[in-house]
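Going by our numbering, the sequence shown opens with residue 135, and the numbers climb by one from there.
Every residue gets a Cβ at the ideal spot worked out from N, C-alpha and C, and that includes glycine.
Since this is a predicted model, take the numbers as computed values, not measurements.
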Amino acid sequence: MRWLDRFGESLTRKVAHASSRRSVLCSIGKVFVGTAFVMPVLPVARIARAAEAAPKTDLETATEEELASCDYWRYCAVDGFLCTCCGGSATTCPPGSEPSPISWVGTCHNPKDGKDYLVSYHDCCGKTACGRCYCGGQVRERPGYEFFLHNDVNWCMANSNTTYHCTVSTIVGLGKN
Numbered sequence: 135m136r137w138l139d140r141f142g143e144s145l146t147r148k149v150a151h152a153s154s155r156r157s158v159l160c161s162i163g164k165v166f167v168g169t170a171f172v173m174p175v176l177p178v179a180r181i182a183r184a185a186e187a188a189p190k191t192d193l194e195t196a197t198e199e200e201l202a203s204c205d206y207w208r209y210c211a212v213d214g215f216l217c218t219c220c221g222g223s224a225t226t227c228p229p230g231s232e233p234s235p236i237s238w239v240g241t242c243h244n245p246k247d248g249k250d251y252l253v254s255y256h257d258c259c260g261k262t263a264c265g266r267c268y269c270g271g272q273v274r275e276r277p278g279y280e281f282f283l284h285n286d287v288n289w290c291m292a293n294s295n296t297t298y299h300c301t302v303s304t305i306v307g308l309g310k311n
């Protein structure tokens with residue numbers, strides 16, 4: 135096995151002699167830049183119609199007044215017109231509009247079961263602004279330069295028709311308590 139040791143040593147010495155730290159760092163940098171085109175760059179890409187993680191009874195037991203009120207627990211970080219007042223529901227866009235594939239996320243506390251939920255807010259796009267039931271929630275909102283944590287952005291920018299209509303709230307999972 136001595137030949138394997140000599141071969142490994144000579145190969146390592148050749149590589150060390152022919153390369154420098156800068157060239158190794160340059161190669162590593164090229165790999166990182168190359169993978170940026172393969173992997174999603176922004177952490178805000180989310181599926182527009184995520185599966186519900188909250189109990190089905192949440193929306194079934196809520197009254198129409200609760201669903202049209204900014205005080206409803208799942209609207210804690212919403213910034214826009216509620217789709218429940220615009221011909222849609224808390225989780226579906228009204229006819230003639232489509233959800234944006236990107237969104238912002240808030241963590242809202244459900245007082246009925248005492249748990250925190252991750253709520254994804256999707257703007258419904260394609261129709262003129264609804265103009266009813268405006269809510270301007272700013273729970274844990276970040277400055278505008280961190281736009282993926284900022285809710286005062288027109289998230290319809292990813293759609294072919296960028297006209298904002300209203301906002302839906304979809305529960306995507308349990309928050310850490």
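The alpha-carbon separation between residue 217 and residue 163 amounts to approximately 46 angstroms. Here the C-alpha atom of residue 262 lies approximately 14 angstroms from the C-alpha atom of residue 291.
Taking the Cα positions, residue 223 is about 14 angstroms away from residue 230.
Counting along the chain, residue 138 sits inside no beta strand (DSSP E); it lies in the alpha helix (DSSP H) bounded by residues 136-152. For residue 251, DSSP records a beta bridge to 242, 308. One thing to note: residue 244 has its Cβ no nearer than 8 angstroms to the Cβ of residue 289. DSSP places residue 213 inside the beta strand (DSSP E), whose first and last residues are 213-215.
Bridge partners of residue 270 according to DSSP: 213. In the structure shown, the three-state DSSP call for residue 303 is strand. Around residue 204, the same chain offers 269 as residues with beta carbons nearer than 6 angstroms, after the five sequence neighbours per side are excluded. When DSSP states are grouped into helix, strand and coil, residue 227 belongs to the coil group. Residue burial is scored here from C-beta neighbours: residue 301 has at least 16 other C-beta atoms within 10 angstroms and is therefore classed as buried.
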